Every structure is written in C-alpha cells, then in structure tokens.
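Comments concern the structure below.
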Amino acid sequence: GQSLEQPSEVTAVEGAIVQINCTYQTSGFYGLSWYQQHDGGAPTFLSYNALDGLEETGRFSSFLSRSDSYGYLLLQELQMKDSASYFCAVRDRGGANNLFFGTGTRLTVIP
Amino acid sequence: DTAVSQTPKYLVTQMGNDKSIKCEQNLGHDTMYWYKQDSKKFLKIMFSYNNKELIINETVPNRFSPKSPDKAHLNLHINSLELGDSAVYFCASSLRGGPYEQYFGPGTRLTVT
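In order, the protein sequence lines correspond to chains G and X.
Just so you know, this note's numbering puts 9 at position 9 of the first sequence, and the rest follows in order with no gaps.
To convert, count from 1 in the second sequence and add 1000; that's this note's numbering.
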C-alpha cells in the first residue's frame, strides 16, 4: 500500500519562508508531485520531482530525496493568497500516472 | 475555455438512487482519472483510464463504474448510492507519457440523504 505523511497545519507570516515536509512509503516510486488547493477549489499542480534534488519554479521550490523517501515544498516570500492546502502525491507506477495523495497541509499566512 | 469540466457541480440525491457525473477535457490528453475527496479533504484515486488500460483502485466498490465514450470524456456512474458516498468527486486528465502534471476539473459535490 501507500502511505504519505505531512504536517496537518502550518502557520507563517507574510513575506516569510515556509517548508512543508512529506515522507512516503510506497510499493513503487516514480515521482513526487505537489498540488495546491484553495478552499472550494480544485487541486492545481505546483511541481514534480522524479530525481533527487531541488526544482525551483518562481517562489516555490520542491526537493526530493529518494533514499530517504522524503520531499519538501518550500514557499518563499509568502503572500496572503498562498493560504491553502498543499498535498504531496506519489506516482507509484510507470505505465499509468495514478497519484496517491498525502493527508494535506493547511497553510495559513498571517499579516 | 475550460480545460477540464464536470457536470453537475452539485448533486443531491437519496440513498439507493443511481447517478452519473460527466467529465470532459479539451486538452488533448490521453488519460483521465476520477478522485474522491472526503470531508477531511483526503484525496483518493478511484480510477485511471486511457484507451488501452483501466486501472481500478482495489478499494473502490463495484457500484462505481467509469464509462468513456471517447478520449475526451470519462463519466462516473454510481449505483445504489450510500450515505458514505457523499464527497467531492474530481475528474482529472494528463498525458500518459508525461509531463506528469494532472489538470483537475472543478469538482462535483455529491450529497446523499
């Protein structure tokens, strides 16, 4: 089976940096994705890591360590609009792209 | 232009009824998915489907069945609805060979009374 753990809640100040961790246990592993979901909205893609290391996309960066079964999402220069839920998700097989999602982290950005 | 659309947005029905949710994507993707998000916001894959392969999450009851009339559509049919089926259902699509970004529809909130 698949198991992904994330902190349930994180609070950070506007303009600061926050890191959301994800540890996973899966029968197969092909990559780790991050999705953002605002209340009442749909998940939207942020990043995908298949190999170890850091991927940077604007204010967001994502890191993966396959040997540690661990990844994180780093959000810099936090803005109020970043308040949302953030999910890590594992792609566990090569043929299909089924995603197994973590429990989600609720990020609240305060002034 | 909406990339992935779902209808209806809200669905309220009684236990025991049969209902369908429709999904369409205009992105030219070859793979479509259904996810269920429960009241605790846990997102769970139900199915993935392309013209070659249907993958069913083993925990999905056989009351749920995907139906794909063509590559751009993947509908979800649910028989004998139960209270526990109340959730938000998301359709998504992507390209099988990558990139592995999935595009989600706006969701359908199903309430079973």
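All residues carry an ideal CB built from backbone N, CA and C; glycine is no exception.
Note that the coordinates shown come from a computational prediction; the quantities given were computed from them, not determined experimentally.
Between the beta-carbon of S83 (chain G) and that of T108 (chain G) there is about 5 Å, and that keeps the pair under the 8 Å contact cut. Counting along the chain, R106 (chain G) sits inside the beta strand (DSSP E) bounded by residues 105 to 110. Secondary structure at M1046 (chain X): strand, using DSSP grouped into helix, strand and coil.
In this structure, G:I17 is the residue among G:A42, G:S27, G:I17, G:F87 with its C-alpha nearest to the C-alpha of L74 (chain G). For the set G:G15, G:Q19, G:G1, the Cα lying nearest the Cα of E9 (chain G) is the one of G:Q19. The Cβ-Cβ distance between R106 (chain G) and Y30 (chain G) does not fall below 8 Å. Residues of chain X whose Cβ lies closer than 9 Å to the Cβ of S83 (chain G) do not exist; the shortest such Cβ separation is about 14 Å. N1026 (chain X) is not bridged by DSSP to any residue.
For F45 (chain G), the nearest CB of chain X lies under 8 Å from its own CB, placing it at the interface with that chain. With a cutoff of 8 Å on beta-carbon distance, C1023 (chain X) and N1079 (chain X) are scored as not near each other.
Comparing alpha-carbon positions, the option among X:I1056, X:Y1089, X:P1099, X:L1054 lying closest to T1007 (chain X) turns out to be X:Y1089. In this structure N49 (chain G) does not touch Y1100 (chain X) by the C-beta definition: roughly 10 Å separates them, more than the 8 Å allowed.
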